[in-house]
Ligand code: ADP
């Protein structure tokens, strides 16, 4: 679709050179960009090659007559919206009327009156552009509507998932507490039950945090605030936060980091690492190491979280960063939001996140942030 502000382009189709020249001059003086064609074939070739806003079409032409040309214009998706004003001799008025019935926008009789020509051209072009503006608006409205519906569906899905996912650990937590308060649990069984209740409470807390993190970043409440920080300190802080989980599962943690400063939002990057580490620890078996590598050079700050877990099937690799996507190794309770948060947080920094993985050997999540 052409821009509404551009100079309207008119194609004059007439086998008579004199008429062609007169029409051309008249329309050029009115401020239009005019091209001409001497027969139907040339006209159709020009119409297909570049966009026009109006065709002034002689009815009586040797070879293809106006009726046929109009038929071709109307049959082609690319040209059917270009208005056609038919020019006929006085004796051809009946035919001109037929052409209007067949879709021509208007007609003029020869000898063409200059004032009338300009008035009709202006009206046809204006209504074509009005129609284009309407179409553009309609397109914008339907795109917004589709986006709104999508967001609505996403919210419904989210509500459904939250309710579903929170219920299981909540039921288990309440069950443990009920048992404890019933007085039926012998003293030596109580610490174990309490520990189970604490763990369940923690995973509930983690799920709520993931939801809040993503929501705050998406809604723009929480903006990225980069500051100059010591990157290995951020990695160490993240490792400290997941140490309890790693110890409980017998997963050794390792850090390889040079001392270097980088500009980043410390708390967001820490949460990104916590998410990646949490996933890596959960999929790793006892005794399998999870490590964090930090490289900083003049172009980027690169953080890698490496595990020797089950790996991620190729088909899953592009999907795991989508919201709510839970792959083969998701461990309940889970939201499928952790990696979506990581992606958003990294991209808001102007960086990139991806995964290299080999099924059966492990995964390496890479976060690359510009310096
Ligand atoms: P969640 O962990 O809540 O399911 P995430 O967005 O953090 O959601 O992860 C999405 C999916 O990616 C997980 O369900 C899991 O299948 C897969 N995944 C993430 N990290 C790893 C990993 N280190 N190894 C194997 N699979 C992983």
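Numbering (my numbering), first residue to last: 497 to 867. Where a beta carbon is used, it is the ideal one built from N, C-alpha and C, also for glycine.
Between residue 817 and residue 832, the beta carbon gap of about 10 Å keeps them out of contact (Cβ cut-off 8 Å).
For residue 786, the CB stays at least 6 Å from every heavy atom of the ligand ADP. Taking residue 524 as reference, the option from 506, 748, 537, 515 with the minimal CA-CA separation is 506.
In the DSSP assignment, residue 603 falls within the beta strand (DSSP E) that extends over 602–605. Within its own chain, the residues whose Cβ lies closer than 7 Å to the Cβ of residue 768, once the five positions on either side in sequence are excluded, are 838, 841, 842, 863, listed in chain order.
Residue 776 has its CB nearer than 6 Å to a heavy atom of the ligand ADP. The three-state secondary structure of residue 531, taken from DSSP, is strand. Judged by DSSP in its simplified three-state form, residue 684 adopts helix.
By a beta-carbon distance limit of 8 Å, residue 776 does not contact residue 740. Their separation comes to about 15 Å.
The closest CA to that of residue 582, considering only 598, 856, 753, is found on 598. Collapsing the DSSP output to three states places residue 510 in coil.
Rounded to the nearest whole angstrom, the C-alpha separation of residue 621 and residue 528 is 10 Å.
Its chain contains 568 as the residues whose beta carbon lies nearer than 6 Å to that of residue 540, once the 5 sequence neighbours on both sides are disregarded; these appear in chain order. Residue state for residue 724 is assigned as strand, using DSSP reduced to three classes. For residue 760 against residue 725, the beta-carbon gap comes to about 6 Å, under 8 Å, which counts as contact. Using a Cβ-Cβ distance cut-off of 8 Å, the segment 746–757 and the segment 784–793 are in contact, since at least three pairs of beta carbons, one from each stretch, lie closer than that value. In the three-state scheme derived from DSSP, where H, G and I count as helix and E and B as strand, residue 782 is classed as coil.
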